[in-house]
């Protein structure tokens, strides 16, 4: 039987503090599950929409869009397979709703084993394939996440899911992020749509942690505490505009701003 191990967090347990039980653990890789819910107990904006309405809209919209997504995904999958060695999809563990770990799907845009060196992509990162640069620029590498939406792990709009090493360090205030289903796009991904350029060439992971992560978390908190149908609709439209702008106007480096309501909440 596979052991179930929780990530360390406030009030949680880990192998380090389980005493003699740790030494008797099986050698097989553990299955990580949350041991407790996030501690944040503040108000949830539009609770019915957040817990019921949004999930229903996500599921219906994903079903409607699935045939169109598949028309794009099939040739992309073939190109990924033909142009570089390795699997078609990149799978990675992220912290989801209530910090429950889930596997996020993307088209593979890097050489196999690239994430062993750094989880953050640098500007002009040599690990990115030629096709991968196009997919990342156009955000087409995110298309497989429609299956994450259908499964219920993600929404179209919601805080971008983070690595568990970051979500388990959230402060009490930041844990409201984990009470919202993560999404493909949010205010931080709109403002930082060219994240590789923001972190630069040298020490991208360190730059991300020192200069980017706090700002992203502040925007995630603002979204989690103010989400609504109108906000999500505005973010959905702004995301489409941002992606099209990157495709047709690659020389335009300045990103579009998130909807005004989000900026006001951040301020």
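Residue numbers (our numbering): 843 to 1109. Just so it is clear, CB atoms sit at the ideal spot from N, CA and C, and this is done for glycine as well. All of these numbers come straight from a predicted model, not from anything done at the bench.
Report buried or exposed for residue 1090, applying the criterion of at least 16 other Cβ atoms within 10 angstroms of its Cβ. Classification for residue 1090: exposed.
Return helix, strand or coil for residue 1020, following the three-state DSSP convention. Correct three-state label for residue 1020: helix.
So, is residue 950 buried or exposed, given that buried needs 16 or more other C-beta atoms within 10 angstroms? Counting C-beta atoms within 10 angstroms of its own C-beta, residue 950 has 16 or more neighbours from the protein chains shown and is therefore classed as buried.
Starting from residue 945, trace the beta strand (DSSP E) in both directions and tell me its first and last residue. Counting along the chain, the beta strand (DSSP E) containing residue 945 begins and ends at 943 to 949.
Using only CA atoms, which one of 1023, 900, 1068, 1057 lies nearest to residue 944? For the residues 1023, 900, 1068, 1057, the minimum Cα distance to residue 944 belongs to 1023.
Using a C-beta cutoff of 8 angstroms, does residue 1068 count as contacting chain D? Looking at the structure shown, chain D is missing, and only one protein chain is on hand.
What is the rounded straight-line gap between the Cα of residue 978 and the Cα of residue 997? Using only the alpha carbons, I get a separation of about 20 angstroms.
Going by DSSP in three states, residue 1000 sits in which element: helix, strand or coil? Three-state result, residue 1000: coil.
Compute the beta-carbon to beta-carbon distance between residue 911 and residue 988, rounded to the nearest angstrom, for a pair I have assumed lies under 8 angstroms. Rounded to whole angstroms, the Cβ separation of residue 911 and residue 988 is 5 angstroms, and the two are in contact under 8 angstroms.
Please report the Cβ distance between residue 941 and residue 1013, rounded to the nearest whole angstrom; I am assuming they are in contact, meaning their Cβ atoms lie under 8 angstroms. A Cβ-Cβ separation of about 14 angstroms leaves residue 941 out of contact with residue 1013 under the 8 angstroms criterion.
Whole-angstrom distance between residue 1028 and residue 1068, CA atom to CA atom: Distance between the alpha carbons of residue 1068 and residue 1028: 12 angstroms.
May I ask you to verify whether the segment 1055 to 1074 touches the segment 999 to 1007, counting CB pairs closer than 8 angstroms and requiring at least 3? A contact exists between the segment 1055 to 1074 and the segment 999 to 1007.
Please state whether DSSP places residue 935 in a helix, a strand or coil. DSSP places residue 935 in strand when its eight states are reduced to three.
Using CA atoms only, rank isn't needed, just tell me which of 902, 938, 917 is closest to residue 985. Measuring from the Cα of residue 985, the nearest candidate turns out to be 917.
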